[in-house]
Amino acid sequence: MSDLETRVTRIEGKIDNIHTHFATKADVMALNANFEKALRLVIMWNVGTIIASTGIIATIVFTILRHGA
Numbered sequence: 488m489s490d491l492e493t494r495v496t497r498i499e500g501k502i503d504n505i506h507t508h509f510a511t512k513a514d515v516m517a518l519n520a521n522f523e524k525a526l527r528l529v530i531m532w533n534v535g536t537i538i539a540s541t542g543i544i545a546t547i548v549f550t551i552l553r554h555g556a
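The sequence shown: position 30 = 517 (the working numbering), numbered continuously.
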């Protein structure tokens, strides 16, 4: 085999190996679904934390105002 044929064979082998690591459309869709679920959970926890913090701060402020500082 000539040097060129050897190089082409080696490159084809590398390309075949690279193709095994490509993501399919189903892989991308599953990843997208996981990202959307994680985003919803983060938003839910943020909103819950904001509501709870507001309630705690309001309770502290009203208690201080009612009983004096």
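The C-beta atom is built at its ideal place from N, Cα and C for all residues, glycine as well.
Return the first residue and the last residue of the alpha helix (DSSP H) that residue 520 is part of.
-> Along the sequence shown, one-based indexing puts residue 520 at 33. 512-554 is the extent of the alpha helix (DSSP H) around residue 520.
How far does the alpha helix (DSSP H) with residue 493 in it reach, from first residue to last?
-> On the sequence shown, position 6 is the one that residue 493 refers to. It spans 490-506 - the alpha helix (DSSP H) in which residue 493 sits, taken as one unbroken run.
Which value, in whole angstroms, describes the spacing of the CA atoms of residue 543 and residue 525?
-> Start at 1 with the first residue of the sequence shown, and residue 543 comes out as number 56. Start at 1 with the first residue of the sequence shown, and residue 525 comes out as number 38. Roughly 27 Å between the two C-alpha positions.
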